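Have a look at the structure below before the remarks.
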Amino acid sequence: MRVVAIGGGTGLSTLLRGLRRHVAVPGQTATSDPATGLICDLAALVTVTDDGGSSGRLRKGFNMLPPGDLRNCMVALSEEEDLLAQLFRHRFRSGGDIEGHNFGNLFVAALTEITGDFGQAIQLASKILATRGRIYPVTTADTTLIAHMDDGSTVRGETNISATKQRIVELMLDPPDAAPLPEAMDALERADLITVGPGSLYTSLITNLLVKGISEELAAARGLRVFVCNLMTQANESLGLTASQHIERIYEHTGAPIFDYALINTAQVSPEMLVRYAAEGAVPIEPDIERVESMGVRCVVGNFLSEGDVLRHASDRVTGALMELGRVAMARTGRNPQDCISPVSQ
12 MRVVAIGGGT GLSTLLRGLR RHVAVPGQTA TSDPATGLIC DLAALVTVTD
62 DGGSSGRLRK GFNMLPPGDL RNCMVALSEE EDLLAQLFRH RFRSGGDIEG
112 HNFGNLFVAA LTEITGDFGQ AIQLASKILA TRGRIYPVTT ADTTLIAHMD
162 DGSTVRGETN ISATKQRIVE LMLDPPDAAP LPEAMDALER ADLITVGPGS
212 LYTSLITNLL VKGISEELAA ARGLRVFVCN LMTQANESLG LTASQHIERI
262 YEHTGAPIFD YALINTAQVS PEMLVRYAAE GAVPIEPDIE RVESMGVRCV
312 VGNFLSEGDV LRHASDRVTG ALMELGRVAM ARTGRNPQDC ISPVSQ
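Numbered per this note's numbering, the sequence shown spans residues 12 to 357.
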């Protein structure tokens, strides 16, 4: 199947790490696992509105798009034990001006200067890392997030939006007509399965859907469209919101329903982890299944969480559920699996 994953932040990279294991690779030995090699074409559409940390510094200093989320996706789709992947994750702990910078971000900045094209720099870096999939910035326009808050104020810039104590009412892009990458639109048009999430509701998910044409393409997509719901609420982005309300907030910005399925965790979070997240005011997202399905979105529920230092989606269980939906997707699009030729093999 052809799969497109939309998002940003750690949520998207966690999902891609799981999807990578199902990507067909030339010369790969067949296994008894029927899911192995189910994906012939995997594409990630990634947000580019970050203006903080190493990415923000490079954005200001080099007048380039922020590479951080894209770099995380490249590492997630590479061989994790590979030395190059470790190098791309490395953050300098000293060194004056380079302190706090990530090597992968600096590498992308260098390629951008050499090629004069940020999108080409991402593709070259992905090739060096031998990623099992393609990674695209959702737009190559220099965009800034603007949020209207519930107290009537307007906040500009992703970092400032994330830091405010007020609740986001509406999110916008400046410029509002930022054009999508043509390759991103083509991937959406051809996809059998499209995922949105997990990730910060506004600054990782909705920001992608505001790019001109993306929401319309999703609304008209022939592929199966799946919302992967977050595990916990988050600061001013989703405090107090249930699973159905996450979808409602997205629809308020897309202007049309764009999901066929929602993948929602129903497993209990441990008391220790609940206490830790309570310090941030965060709680597990209520899985109001009946309300979600009343919106015409079918639910896939189960234990999709993994507990460590922080809560993360269990990428193996999430992608296992997605692969099952992928079989439905293939039947829906009516395409023979043999029709798909992986870009990895070309």
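Heads up, the beta-carbon is just placed ideally off N, CA and C, and yes, glycines get one too. Because the structure is a prediction, the values reported are computed rather than measured.
Point to revise | Same chain, Cβ closer than 7 Å to Glu304, five either side skipped, listed in chain order | key: By 1-based counting over the sequence shown, the position of residue 304 is 293. Around Glu304: Cys310.
Point to revise | Any 3 or more C-beta pairs closer than 8 Å across the region 177-187 and the region 128-146 | key: The region 177-187, when compared against the region 128-146, does not touch it at the 8 Å Cβ threshold.
Exercise for review: Evaluate Ser105 with the Cβ neighbour count: other Cβ atoms within 10 Å of its Cβ, from every protein chain shown; 16 or more gives buried, anything less gives exposed.
Suggested key: Residue numbering aside, residue 105 sits at position 94 when the sequence shown is read from its first letter. With fewer than 16 Cβ atoms within 10 Å of its Cβ, Ser105 is classed as exposed.
Check your understanding: Got a sec, what are the start and stop residues for the alpha helix (DSSP H) Pro257 sits in?
Key -> Here residue 257 is taken as the residue at index 246 of the sequence shown, counted from 1. It is worth fixing the name first, because residue 257 is His in this sequence and not Pro. Its alpha helix (DSSP H) spans residues Ala254 to Thr265.
Exercise for review: Kindly list the residues whose CB is nearer than 7 Å to the CB of Thr244, restricted to its own chain and excluding five residues on each side of it in sequence; keep chain order.
Suggested key: Taking the first residue of the sequence shown as 1, we reach residue 244 at position 233. The residues are Leu250, Gly251, Leu252, Ala293, Val294 and Ile296.
Check your understanding: Looking at the unbroken beta strand (DSSP E) that takes in Asp80, where does it start and where does it end?
Key -> Looking up residue 80 in the sequence shown gives position 69. Counting along the chain, no beta strand (DSSP E) covers Asp80; the unbroken alpha helix (DSSP H) around it starts and ends at Gly79 to Leu88.
Review point. If Val222 sits next to Phe270, beta carbons under 8 Å apart, how far is it from one beta carbon to the other, in whole angstroms?
Key: For the purposes of this step, residue 222 is identified with residue 211 of the sequence shown, where counting begins at 1. For the purposes of this step, residue 270 is identified with residue 259 of the sequence shown, where counting begins at 1. Contact between Val222 and Phe270 is ruled out by a C-beta separation of about 18 Å, above the 8 Å threshold.
Review point. What's the gap between the Cα of His112 and the Cα of Leu76?
Key: Position 101 of the sequence shown, counted from the first residue, corresponds to residue 112. Position 65 of the sequence shown, counted from the first residue, corresponds to residue 76. One Cα belongs to His112, the other to Leu76, and the distance between them is close to 15 Å.
Check your understanding: Should Ala202 go down as buried or exposed, given a rule of 16 or more other Cβ atoms within 10 Å for buried?
Key -> Sequence index remark: in the sequence shown, residue 202 carries index 191 (1-based). Its Cβ being crowded by 16 or more others within 10 Å, Ala202 is buried.
Check your understanding: Just how far apart, CA to CA, sit Tyr213 and Leu192?
Key -> For the purposes of this step, residue 213 is taken as residue 202 along the sequence shown, with counting starting at 1. For the purposes of this step, residue 192 is taken as residue 181 along the sequence shown, with counting starting at 1. Each residue's Cα considered, the two are about 20 Å apart.
Exercise for review: Could you check which residue in Glu291, Gly313 and Gly64 has the C-alpha nearest to that of Asp108?
Suggested key: Walking along the sequence shown from the start, residue 108 turns up at place 97. Nearest to Asp108 by C-alpha distance, out of Glu291, Gly313 and Gly64, is Gly64.
Review point. How should Leu94 be labelled, buried or exposed, when 16 other C-beta atoms within 10 angstroms of its C-beta is the threshold for buried?
Key: Counting from 1 along the sequence shown, the entry for residue 94 is found at position 83. Within 10 angstroms of the beta-carbon of Leu94 lie fewer than 16 other beta-carbons, which makes it exposed.
Exercise for review: Buried or exposed for Ser164, please, with buried defined as at least 16 other CB atoms from any protein chain shown within 10 angstroms of its CB.
Suggested key: Counting from 1 along the sequence shown, the entry for residue 164 is found at position 153. Exposed is the call here.
Review point. Looking at the structure shown, is Gly313 part of a helix, part of a strand, or coil, going by DSSP?
Key: Taking the sequence shown and counting its residues from 1, one reaches residue 313 at position 302. Three-state result, Gly313: strand.
Check your understanding: Taking buried to mean at least 16 other C-beta atoms within 10 Å of its own C-beta, is Val34 buried or exposed?
Key -> Your numbering for residue 34 matches position 23 in the sequence shown. Buried, by the Cβ-count rule.
**Study point:** Residue nearest to Glu10 in terms of C-alpha spacing, selected from Val312, Pro209 and Val86
**Key:** Not covered by the structure: residue 10. The range shown for the chain is 12 to 357.
Exercise for review: With distances taken Cα to Cα, identify the nearest neighbour of Gly79 among Arg167, Leu117 and Arg287.
Suggested key: Looking up residue 79 in the sequence shown gives position 68. Ranked by Cα distance from Gly79, the first of Arg167, Leu117 and Arg287 is Leu117.
Check your understanding: Glu227 to Thr58, Cα distance in whole Å?
Key -> For this step, residue 227 is matched to residue 216 along the sequence shown. For this step, residue 58 is matched to residue 47 along the sequence shown. Each residue's alpha carbon lies about 17 Å from the other.
Review point. Cα-Cα, which of Leu322, Arg236, Glu318 and Glu194 is closest to Ala150?
Key: Locating residue 150 in the sequence shown gives position 139, where the first residue counts as 1. Here the sequence assigns Thr to residue 150, which means Ala is not the residue at that position. Among Leu322, Arg236, Glu318 and Glu194, the Cα nearest to that of Thr150 is on Glu194.
Review point. Cα separation between Leu135 and Leu182?
Key: On the sequence shown, position 124 is the one that residue 135 refers to. On the sequence shown, position 171 is the one that residue 182 refers to. When only Cα atoms are considered, Leu135 and Leu182 end up about 32 Å apart.
Practice item. Report the three-state DSSP secondary structure of Ala41 (helix, strand or coil). Key: One-based indexing of the sequence shown puts residue 41 at position 30. Any answer about Ala41 is weak, because its pLDDT of 44 lies below 50 and its placement is not dependable; what the coordinates show is given next. The answer is coil: DSSP assigns Ala41 none of H, G, I, E or B.
Check your understanding: beta strand (DSSP E) containing Asp185: first to last residue?
Key -> Residue numbering aside, residue 185 sits at position 174 when the sequence shown is read from its first letter. DSSP places Asp185 inside the beta strand (DSSP E), whose first and last residues are Ile179 to Asp185.
Exercise for review: Return the chain-ordered ranges of every alpha helix (DSSP H) run that is complete within the region 190-228 and spans a minimum of 4 residues.
Suggested key: Qualifying alpha helix (DSSP H) stretches, in chain order: 193-201.
Practice item. Report the rounded CA-to-CA distance for Leu274 versus Pro268, giving the unit in angstroms. Key: As a first step, residue 274 must be located in the sequence shown, where it is residue number 263. As a first step, residue 268 must be located in the sequence shown, where it is residue number 257. Approximately 16 Å between the Cα atoms of the pair.
Practice item. Classify Thr126 as buried or exposed, calling it buried when 16 or more other Cβ atoms lie within 10 Å of its own Cβ. Key: Taking the first residue of the sequence shown as 1, we reach residue 126 at position 115. Label assigned to Thr126: exposed.
Check your understanding: What span of residues does the alpha helix (DSSP H) with Val119 cover, start to end?
Key -> Residue 119 sits at position 108 when you count from the first residue of the sequence shown. If you look at Val119, you'll find it in the alpha helix (DSSP H) that goes Phe114 to Thr126.
Review point. What first and last residue would you give for the alpha helix (DSSP H) that runs through Val286?
Key: By 1-based counting over the sequence shown, the position of residue 286 is 275. For Val286, the uninterrupted alpha helix (DSSP H) segment begins and ends at Pro282 to Ala289.
Check your understanding: Quick one: complete alpha helix (DSSP H) runs, 4+ long, within the region 122-165?
Key -> The qualifying runs are 129-139.
Practice item. Output the boundary residues of the alpha helix (DSSP H) element that contains Met171. Key: Locating residue 171 in the sequence shown gives position 160, where the first residue counts as 1. Inspection of the sequence shows that residue 171 is occupied by Asn rather than by Met. Segment Glu169 to Ala174, the alpha helix (DSSP H) holding Asn171.
Check your understanding: How many Å lie between Gly29 and Leu53 at the Cα?
Key -> If you number the sequence shown from 1, residue 29 lands on position 18. If you number the sequence shown from 1, residue 53 lands on position 42. Those two C-alpha atoms are separated by around 12 Å.
Review point. Of the choices Asn247, Gly224, Thr155 and Ile261, whose alpha-carbon is the least far from that of Val237?
Key: Residue 237 sits at position 226 when you count from the first residue of the sequence shown. Nearest C-alpha to Val237: Ile261.
Review point. If you drop the 5 nearest sequence neighbours on each side, which residues of the same chain put their C-beta closer than 8 Å to that of Glu124?
Key: Start at 1 with the first residue of the sequence shown, and residue 124 comes out as number 113. Excluding positions up to five away in sequence, the list reads Phe73.
Point to revise | Cβ separation of Pro148 and Leu49, assumed to be a contact under 8 Å, to the nearest whole Å | key: On the sequence shown, position 137 is the one that residue 148 refers to. On the sequence shown, position 38 is the one that residue 49 refers to. Their Cβ separation, rounded to whole angstroms, is 26 Å, which puts Pro148 and Leu49 out of contact at 8 Å.
Review point. Going straight from the alpha carbon of Gly208 to that of Glu110, what length do you get?
Key: Against the sequence shown, residue 208 aligns to sequence position 197. Against the sequence shown, residue 110 aligns to sequence position 99. When rounded, the separation of the alpha-carbon atoms in Gly208 and Glu110 is 31 Å.
Point to revise | beta strand (DSSP E) segment containing Phe368, residue limits | key: This structure cannot settle anything about residue 368, because the visible part of the chain is limited to 12 through 357.
Check your understanding: Looking only at C-alpha atoms, which of His324, His257 and Gly331 sits nearest to Pro298?
Key -> Numbered from 1 along the sequence shown, position 287 holds the residue referred to as residue 298. Answer by Cα proximity: His257.
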